[in-house]
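Engineer:
Chains as they are written, first to last, in my numbering: chain A, 0 to 195; chain B, 33 to 142.
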C-alpha cells in the first residue's frame, strides 16, 4: 500500500528523530537518487556509497530544509554534487591512467532476437553504456533532463550553468547518443513494448 | 527559452533506461549508517567533554594539594601526607574514644 503521508509531515517527524519516517522518505526518493548517481557513476559500490551519503547529508540538514525547492530537486542537487566530486576523485586517483575512452570506444554487442530486434533489456543496457561514455558535462545534462525529468531551468540551477549551456550540451549529447545507438535503435519505427 | 525536445524516440529510449533503484536493502544500509553516525556522535561528544574536564580537574587537584602542603608542611609526617592533608595517626589515638565515637566521653568520677 502506498504511504499516504506527505513529505512535509514525514520531514517534520524525521526532525523529531522518527527513523521510520525518514526510512519512508528514503524509499520514496531512492529512485530519483539512483537515477542521478548510477547515471553518473555507473552501478557499483561507489554509487551505493554516494547514494547513502546523499540521504545522510539530507538527514543532517533536516532542520535547515525549508522546502523552497521540491525534495526531489533538493536530493538530486546533493546527489549530483557528490557524484561530480566522486568523478573528480576518480580522475585524481590512479584510475585516471585507465581512460574509459581507450578501451571502451565501442558499445558491447547486444543479443538480437530472431526478428532482428534488440531485446528490451539489452537495449536498456546499451543506452546506459552509451550514456556512460558521454563526457561528464554532457552526461550530467542527460541524467538530469532525461533520467530525472528536470526542467532546463532546474538542470541549469543544479549544475550552476546558464540555461543556454544546458540546451547546447543536451543537443550535443543527443547527437552523440544517436550516433552510438543508431545501429541498434531504428528511429521512427516501433520500439520494443517495454521501452515505449 | 524553449524546452529541449525530449519527446523524440531517442529521448524516450534514454528516459526508459534510467536506473530506478540501488541494490536490495539500500534503505536499511542508509538507516544503519545513520545509527552508526549517531553512536559515533555520542562517543565523540563524550570524548570532547572528557578532554575539557580532565585538565580542569587535574589543575584543581594540583592547587588543592599545594594548598594542603603549604598548611601542613611543618606538622605532617611526609610531604605526601601534607599534600593530602592526612592527620597523624598513632595506634593509641586510633583506638581513643574520641576517634571511635567522634565525641569526647567525660571520665566518670566517684
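For each residue, glycine too, the CB sits at the ideal point set by N, CA and C.
1. Kindly list the residues whose CB is nearer than 6 Å to the CB of residue 78 of chain A, restricted to its own chain and excluding five residues on each side of it in sequence; keep chain order.
2. Under 8 Å: do the stretch 5-18 of chain A and the stretch 54-71 of chain A share three or more Cβ pairs, one atom per stretch?
3. Using a Cβ-Cβ cut-off of 8 Å, state whether residue 58 of chain A counts as contacting chain B.
4. According to DSSP, is residue 53 of chain B part of a helix, a strand, or is it coil?
5. In whole angstroms, give me the CA-to-CA distance for residue 102 of chain A and residue 162 of chain A.
6. Can you give the Cα-Cα distance for residue 73 of chain A and residue 82 of chain A, rounded to whole angstroms?
7. Leaving out five residues on either side along the sequence, give the residues of the same chain with a beta carbon under 6 Å from the beta carbon of residue 108 of chain B.
8. Whose Cβ in chain B lies nearer than 9 Å to the Cβ of residue 146 of chain A?
9. For the alpha helix (DSSP H) containing residue 45 of chain B, list its first residue and its last residue.
10. If you draw a straight line from the C-alpha of residue 49 of chain B to the C-alpha of residue 19 of chain A, how long is it?
11. If we ignore side chains and look at the alpha-carbon of each, how far apart do residue 175 of chain A and residue 77 of chain B end up?
12. Starting from the beta carbon of residue 145 of chain B, find every residue of chain A whose beta carbon is closer than 7 Å, and list them in chain order.
13. Indicate the three-state DSSP secondary structure (helix, strand or coil) for residue 72 of chain A in the structure shown.
Structural biologist: This is what the structure gives:
1. Position 79 of the first chain holds residue 78 of chain A. Correct list, in chain order: 32, 35, 36, 53.
2. Of all C-beta pairs linking the stretch 5-18 of chain A to the stretch 54-71 of chain A, three or more are shorter than 8 Å, placing the two stretches in contact.
3. Counting from one through the first chain, the residue named residue 58 of chain A turns up at place 59. Yes, residue 58 of chain A lies at the interface with chain B (some Cβ there is under 8 Å from its Cβ).
4. Residue numbering aside, residue 53 of chain B sits at position 21 when the second chain is read from its first letter. In this structure, residue 53 of chain B counts as coil in the three-state DSSP scheme.
5. Residue mapping note: residue 102 of chain A aligns to position 103 of the first chain, counting from 1. Residue mapping note: residue 162 of chain A aligns to position 163 of the first chain, counting from 1. Residue placement at residue 102 of chain A cannot be trusted, given a pLDDT of 47 that sits under 50; what the coordinates show is reported in the next sentence. Taking the Cα positions, residue 102 of chain A is about 33 Å away from residue 162 of chain A.
6. Residue mapping note: residue 73 of chain A aligns to position 74 of the first chain, counting from 1. Residue mapping note: residue 82 of chain A aligns to position 83 of the first chain, counting from 1. Cα to Cα, residue 73 of chain A sits roughly 14 Å from residue 82 of chain A.
7. Along the second chain, one-based indexing puts residue 108 of chain B at 76. Here the set comprises 114.
8. Within the first chain, numbered from 1, the residue matching residue 146 of chain A stands at position 147. Going along chain B in sequence order, the residues near residue 146 of chain A (Cβ under 9 Å) are 46, 47, 49, 50, 51.
9. Stepping through the second chain from its first residue, residue 45 of chain B is reached at position 13. Here the alpha helix (DSSP H) through residue 45 of chain B covers 41-48.
10. By 1-based counting over the second chain, the position of residue 49 of chain B is 17. By 1-based counting over the first chain, the position of residue 19 of chain A is 20. Going by the C-alpha atoms only, they are around 30 Å apart.
11. Looking up residue 175 of chain A in the first chain gives position 176. Looking up residue 77 of chain B in the second chain gives position 45. About 52 Å.
12. The displayed coordinates of chain B run from 33 to 142. Any statement about residue 145 of chain B would go beyond what the structure contains.
13. In the first chain, residue 72 of chain A corresponds to position 73, counting from 1. The answer is helix: DSSP assigns residue 72 of chain A an H, G or I state.
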